[in-house]
Amino acid sequence: MSQSLKLPMAIHIMLGLALNRDKYLNSVVIAQSVGTNAAVIRKNLQKLKAANLVVSLQGSNGGTKLNKEPSDISLLDICNAIDGIPRDVVHEGSPDCPIACGIAEKLPSILAEAKNAQRAKLSETTLRDLMIDLF
504 MSQSLKLPMA
514 IHIMLGLALN
524 RDKYLNSVVI
534 AQSVGTNAAV
544 IRKNLQKLKA
554 ANLVVSLQGS
564 NGGTKLNKEP
574 SDISLLDICN
584 AIDGIPRDVV
594 HEGSPDCPIA
604 CGIAEKLPSI
614 LAEAKNAQRA
624 KLSETTLRDL
634 MIDLF
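Take 504 as the starting number for the sequence shown in my numbering and just add one per residue.
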C-alpha cells in the first residue's frame, strides 16, 4: 500500500474505534467501513497495538478498541505508529545540469521545513478534534 494511503486509513480506523469506545470492533466490521479487506485492517491494527494506541481481545466476541481517550491521541501518534511521515525525496540528475544541481541544493531544506510544519500540525490535532469537526 502506498505511503499516501496509510495515514488516512489508520485515521479512519481510529475514528471508527473512537466513535464506538464502549465496545470491541472486529476487523471485518472495520474493513466494511474503510472499504478494504480485514487482512489489511489487521495489519494496521497490529501497528497501532504495538504503539499502545489500541488494545485487542481474542475470541469470538473479541476485537479492538482504543487504549486511550481520543483527546490523548494525536494524529502524529497515529502517523508514527503506522510508518511515520514519508521520507524526503532525493532528486538525482546530471551533475552538469544547473537545474539538477539547484534542485539538489535547495529542495532538501524546503522539504524539511514542510515536514516540520506537517509534524507540528499532526501533533496538535487529536482524534477528539476530528470527531468534533466531523460529527
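Cβ atoms here follow ideal geometry from the backbone N, Cα and C, with glycine treated the same way.
Values in this document were obtained by computation on a predicted structure and should not be read as measured data.
Would you mind sorting residue i into buried or exposed? The rule is 16 or more other CB atoms within 10 Å of its CB.
i	result
residue 530	buried
residue 547	buried
residue 601	exposed
Express the C-alpha separation of residue j and residue i in angstroms, rounding to a whole number.
i	j	result
residue 623	residue 562	39 Å
residue 588	residue 612	16 Å
residue 549	residue 625	21 Å
residue 620	residue 614	10 Å
residue 580	residue 570	13 Å
residue 516	residue 604	42 Å
residue 532	residue 574	24 Å
What first and last residue would you give for the alpha helix (DSSP H) that runs through residue i?
i	result
residue 618	601 to 627
Tell me whether residue i, by its Cβ, gets closer than 8 Å to a heavy atom of the ligand NAP.
i	result
residue 519	Annotation note on the ligand NAP: not contained in the displayed structure, which lists no ligands.
I need the boundaries of the beta strand (DSSP E) containing residue i, first residue and last residue.
i	result
residue 568	566 to 569
residue 630	Taken as a continuous stretch (DSSP letters only), residue 630 belongs to no beta strand (DSSP E), being part of the alpha helix (DSSP H) at 630 to 637.
What distance in whole Å lies between the Cβ atoms of residue j and residue i, which are believed to be in contact at a cut-off of 8 Å?
i	j	result
residue 576	residue 560	Not really, about 19 Å apart at Cβ, beyond 8 Å.
Is the Cβ of residue i closer than 9 Å to any Cβ of chain D?
i	result
residue 585	You won't find chain D in this structure, because it holds only one protein chain.
May I have a chain-ordered list of the alpha helix (DSSP H) segments no shorter than 4 residues that lie completely inside the segment 515 to 543? 530 to 537
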